[in-house]
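Notes to accompany the following structure.
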Amino acid sequence: MLHIIYIWIANSNKNKGAYLLLIYNTDCFELIKTIKTNTIDMILTDPPYGMSYVSGGRKEKHDKIANDDNLDWLDNFIKECFRVLKDNTASYFFCSYHNIDIFKRAIEKHFNVKDILVWEKNNSGMGDLTGCFAPKVEFIIFVHKGRKNIIGKRTDNIFKFKKTDNAMHPTQKPTDLCEHMIKKFSDDGDIIFDPFMGSGTTGVSAIQSGRDFIGCEIDDKYFKIANERIKKAVLKSKQINVNDLF
Ligand SMILES: C[S@@+](CC[C@H](N)C(=O)[O-])C[C@H]1O[C@@H](n2cnc3c(N)ncnc32)[C@H](O)[C@@H]1O
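Per the numbering used here, numbering through the sequence shown is continuous, rising by one, with the last residue being 246.
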């Protein structure tokens, strides 16, 4: 199993000292089995949608997403997510409307589904140009294991954040959206886990929010992109010397 480990000393005074960052270029269905029970503070992930996703209208072409042609893995995966999370934590699962019913049913077998949050983008996508309204939103299934209270001011459940240009991944999410989600329901130094990290958006957001991060990506190309993005975020946020890392 190939993995890259960074451990660094944080230089902000309220931090606990060292932060942990682990990213794996492997199959998360295998990786998650190795994680101990009740150890993760939040899962923030954007799993394959089970719809053989192909985005229209982009200049840059991307490869097909692994494990996106069926959802046979879903039940076991959700069960494992529940097992590795600590009690009294909140988590987020991005989801396309196509299979949101299947995702919700699988998730609520274990978790308390608190809401289906809406990410409202700044402009709409293509979709069926003549047979449907122009798509402008995506959905996020928001869950509790036990109970977790919101941190700071309560905001509404429609998140207005600009979409990305998907330059690095066909379903790339914005870091400011993920940071908002992380900060509202986890604490400084908590461990955020993204089993399907794609281009590493959750990792960058976790670092920028002062959280520890564990990430996994099966596709070599996306793993390399995630690795580079995360490395840059580490160096930028902590202003450390690269020679301290390798
Ligand atoms: C919907 S995309 C996530 C994109 C991400 N949110 C971003 O901003 O770049 C899902 C990712 O999961 C990866 N994937 C699919 N099956 C996997 C598995 N078994 N283990 C790890 N990664 C997997 C795919 O290669 C894909 O990059």
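Backbone N, C-alpha and C define an ideal beta-carbon position, used for all residues, glycine too.
Are the beta-carbon atoms belonging to N25 and F223 less than 8 Å from one another?
Yes, these two residues count as a Cβ contact at 8 Å.
Starting from the C-beta of N69, find all residues in its chain whose C-beta is less than 6 Å away, skip the five residues before and the five after it, and write them out in chain order.
Looking at the sequence shown, residue 69 is not Asn but Asp. Excluding sequence neighbours, D69 sits near S52.
Could I get the ranges of all uninterrupted alpha helix (DSSP H) runs contained in the segment 194 to 226, with 4 residues as the minimum, in chain order?
List check, alpha helix (DSSP H) in window: 201 to 208.
Pick out the complete beta strand (DSSP E) segments inside the segment 124 to 178, 3 residues or longer, and give them in chain order.
For the segment 124 to 178, whole beta strand (DSSP E) runs of length 3 or above, ordered along the chain, are 137 to 145, 158 to 160.
Thinking just about the alpha-carbon of each residue, which of M126, H144, N38 is nearest to the one in I116?
For I116, the nearest C-alpha among the options comes from H144.
With respect to 7 Å, is the separation between the Cβ of N67 and the closest non-hydrogen atom of ligand 1 below this value?
At least one heavy atom of ligand 1 is nearer than 7 Å to the Cβ of N67, so yes.
Once DSSP output is grouped into helix, strand and coil, what is the label at I35?
If DSSP states are grouped into helix, strand and coil, I35 belongs with coil.
Given 7 Å as the limit, tell me if T155 has its C-beta closer than that to any heavy atom belonging to ligand 1.
Checking the Cβ of T155 against ligand 1 gives no.
What residue range is occupied by the uninterrupted alpha helix (DSSP H) comprising A106?
Segment 100 to 107, the alpha helix (DSSP H) holding A106.
With a Cβ-Cβ cutoff of 8 Å, do G198 and F213 count as a contact?
No, the Cβ-Cβ distance between G198 and F213 is not below 8 Å.
Taking the alpha helix (DSSP H) that L74 belongs to, which residues open and close that run?
Note, L74: alpha helix (DSSP H), 74 to 84.
Please tell me whether F193 and I43 are closer than 8 Å, where the distance is taken between their beta carbons.
For F193 and I43, yes; Cβs fall inside 8 Å.
I'd like to confirm the pairing. Which residues does DSSP put opposite A90 in its beta bridges?
Paired residue(s): H144.
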